[in-house]
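Participant: So in the numbering used here the end of the sequence shown lands on 525, straight run, no missing numbers.
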Amino acid sequence: MDCADINAKAWDGEAENGNAWARIVSEEEIGKARNGEPAIRVTIDKNVPLSWIEPLRGKHVLSLGGGGGQQTPLLAAYGCDTECVDISGGMLERDRIALERYGLKAKLHQIGMTDLSIFGDESFDGIINPVSMNFVNDIQAVFREAGRILKKGGIFIFGIANPALYIFDDRLLAKGKMKIKYTLPFSDEISLSRKELEKRISKGDTVEYSHTLETILGGLTDNGFAITGFFSDGTSFEPIDSFLHDCYLAIRAIRIDDSSI
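#1: Counting Cβ pairs closer than 8 Å, one from the segment 403–420 and one from the segment 433–440, do we hit at least three?
#2: Mind checking which residues open and close the alpha helix (DSSP H) that includes S315?
#3: Should L484 be labelled buried (16 or more other beta-carbon atoms within 10 Å of its own) or exposed?
#4: Just list the residues that DSSP pairs N393 with in beta bridges.
#5: Quick one: what's got a C-beta closer than 6 Å to S455's C-beta in the same chain, skipping five residues either side?
#6: So which of A438, G418, T479 has the shortest CA-CA distance to R321?
#7: Using DSSP with H/G/I as helix, E/B as strand and the rest coil, what is S455?
#8: So, under 8 Å CB-CB, V306 and G390 are touching, yes? Tell me the CB distance rounded to an integer number of Å.
#9: Which two residues bound the contiguous alpha helix (DSSP H) that contains I413?
#10: Residues in its own chain within less than 6 Å of F450 by CB, not counting five upstream and five downstream?
#11: Can you check DSSP and say which residues form a bridge with L326?
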């Protein structure tokens, strides 16, 4: 099963159907970014603190898994030399439309996050990754590639789902009812029956994976990163937010020089 291809097609559909992550930013938001106040999100509701972003103005930045007409044009408007990687051609098309609409430039690449071999070592000053690593089984590959392509002192900002989000029966959750069903770590490939998985895919749904906190935090430190910032965010879905306050995690990390440890 090629889950990367399944997710690419699923996000093509989400882009066409107006997913919240595929709504092109407004002219007002672009204007604020040009004036030094970009509203960059890597989780559902909260903007990344400006202090996290400021060192990247005018620098070479990768919008990783960032197609959709939001992060990429905002970074370009902020003055970053911006490139975007996304597995979905539909999401990249949203970027292309936004860039053309606002007279901005960025390079767009339709590839996955786990193999960034098109980029050389220490190519970027920063990476911005809106919550998307839950569509990748091997996030260690993402961390290795991020560590490789970032310069020493480079900034890696990303959002990721709290593993606890994946314990619930999603069919009941859609009805506002919360029932624990799955053990962690969750994987659509393993946690669902073959029939359930095939049904999800036939409906155009994504294939998703939870990741343990050990995998997330340990994976960062194992690949040469030091965590320098953190906040949590909700889902904008009251039944979950009333139960779990830290639904999404936003992390800022710096690629450090191992010799200084």
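Cβ coordinates follow ideal geometry from the N, Cα and C atoms, glycine included.
This structure is a prediction, so every number in the text was calculated from the model and none was measured.
Facilitator: On the basis of the data shown:
#1: Touching, no.
#2: First-last of the alpha helix (DSSP H) with S315: 314–317.
#3: Looking at its Cβ environment, which holds 16 or more other Cβ atoms inside 10 Å, L484 is buried.
#4: In the DSSP output, where bridge partners are listed per residue, N393 has F422.
#5: So the qualifying residues of the chain are Y446.
#6: Nearest of A438, G418, T479 to R321, Cα basis: G418.
#7: DSSP places S455 in helix when its eight states are reduced to three.
#8: Their Cβ separation, rounded to whole angstroms, is 12 Å, which puts V306 and G390 out of contact at 8 Å.
#9: I413 -> alpha helix (DSSP H) spans 403–413.
#10: Only Y430, S474 meet the Cβ criterion.
#11: The partner list for L326 (beta bridge, DSSP) reads E347, I391.
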